[in-house]
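**Student:** Below is the structure I would like to discuss, written out as structure tokens.
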Amino acid sequence: FDVFSTAMIFFQLLFNLIDDRTEAAFRQQVEDAKYDLDSWLDRELLSKIRPSGLDNALGYFAERPGLWQLLKDMMYPDPEMRVSSLKACVRLKAILNDASNGISNFEDGPFFESVISSFD
68 FDVFSTAMIF FQLLFNLIDD RTEAAFRQQV EDAKYDLDSW LDRELLSKIR PSGLDNALGY
128 FAERPGLWQL LKDMMYPDPE MRVSSLKACV RLKAILNDAS NGISNFEDGP FFESVISSFD
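This is the structure:
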């Protein structure tokens, strides 16, 4: 898989979007948001019907600062500007290492951090 597909699968697993119907809807929603995951999440938070895994996924991201930004970088629309698979693996290892040690050297951007702070 390329990094874009890997990020899509990661999101589908975290947000419990793994059946054919929700997978297709998720793809369309992300495309409609021009692959801007902050915009997609904002729409989902304002929606009356949310993905069943939303709360669990946000909790997972909250415990792993930097992961949201990494996945955003993996889903960047222009493949030439997208993070490489090697750099994505290195960052993921660092993010997971930080999380297991209770530290954070990464940020997820002001929008996502405000979502997480309001989620707590």
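Counting from 1, position 64 in the sequence shown corresponds to residue 131 in our numbering; the numbering is continuous, with no gaps.
Glycine included, C-beta positions come from ideal geometry on N, C-alpha and C.
Thinking just about the alpha-carbon of each residue, which of Phe179, Asn123, Pro146 and Gly176 is nearest to the one in Phe71?
**Tutor:** Pro146
**Student:** Tell me the DSSP secondary structure of Gly169 in three-state form.
**Tutor:** coil
**Student:** Classify Ile162 as buried or exposed, calling it buried when 16 or more other Cβ atoms lie within 10 Å of its own Cβ.
**Tutor:** buried
**Student:** Can you look up Met142 in the DSSP assignment and give me helix, strand or coil?
**Tutor:** coil
**Student:** Can at least three beta-carbon pairs, one atom from the segment 152-166 and one from the segment 95-102, be found at a separation below 8 Å?
**Tutor:** no
**Student:** Are three or more beta carbon pairs between the segment 129-142 and the segment 169-177 nearer than 8 Å?
**Tutor:** yes
**Student:** Within 10 angstroms of its Cβ, does Pro118 collect 16 or more other Cβ (buried), or is it exposed?
**Tutor:** Burial call: buried.
**Student:** Taking DSSP as the reference, what is the three-state secondary structure of Ile116?
**Tutor:** coil
**Student:** Determine the extent of the alpha helix (DSSP H) in which Val70 is found, giving its start and end residues.
**Tutor:** Val70 to Leu81
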